[in-house]
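Peer 1: In this note's numbering, the protein residues as written are 1277 to 1389.
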Amino acid sequence: NSEASKDLSKQLYSNRSAALLKQQKVDEALKDAVKCIEIDQHWAKGYSRKGDALLYKKLYTDAFNAYNTGLRMCPNDRVLAEKSEQAMRARESVNATDTRRRSSSSNPLSSVF
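1) From the DSSP output, in three-state form, read off D1328 for me.
2) Thinking C-alpha only, which one of K1298, A1339, Q1300, E1314 is nearest K1286?
3) Does the beta-carbon of L1284 have 16 or more other beta-carbons within 10 angstroms, so that it is buried, or is it exposed?
4) Alpha carbons only, please: which of A1305, K1333, K1282, Y1332 is nearest the one belonging to Q1317?
5) Sorted by chain position, which residues of the same chain lie with C-beta nearer than 6 Å to Y1323's C-beta, five sequence neighbours on each side aside?
6) May I ask which residues mark the beginning and end of the alpha helix (DSSP H) holding Q1287?
7) Is it the case that the Cβ atoms of L1297 and D1328 are separated by a distance below 8 Å?
8) Can you name, in chain order, every residue of its own chain whose Cβ lies under 7 Å from the Cβ of R1292, other than the five neighbours on each side?
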């Protein structure tokens, strides 16, 4: 059965993506997550795996977008919602840090005060 084969393939890529991420093989984990999505673009777990790899790479906006795509597939998934929030907080934290750096570096007297 083609559908059963597709289901098995996406689960294997998903599981391998998680295992690779645990081994800190982030690029490989991301590739498997993307392959999982290619097999079934309506399966939220693939987007969760992709978001996890992107979050690890500190690509917070991309991770946030991946998690939210998964949430569109499965709006009541609490884990995806929590991961989306985590990515958003990380993104906001980086943006706040960048803003503070820019504002202090643009003021030549900032180091004096």
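Cβ coordinates follow ideal geometry from the N, Cα and C atoms, glycine included.
Peer 2: This is what the structure gives:
1) Look at D1328 here: in three-state DSSP terms it is helix.
2) Closest by alpha carbon: E1314.
3) With fewer than 16 neighbouring CB atoms inside 10 Å of its own CB, L1284 falls in the exposed class.
4) Nearest of A1305, K1333, K1282, Y1332 to Q1317, Cα basis: K1282.
5) By the criterion of a C-beta distance shorter than 6 Å, Y1323 is surrounded in its chain by A1342, T1345, G1346, once the five residues flanking it on both sides are discounted.
6) Start and end: 1278-1298.
7) For the 8 Å CB-CB criterion, L1297 and D1328 form a contact.
8) So the list reads D1308, once near-sequence residues are dropped.
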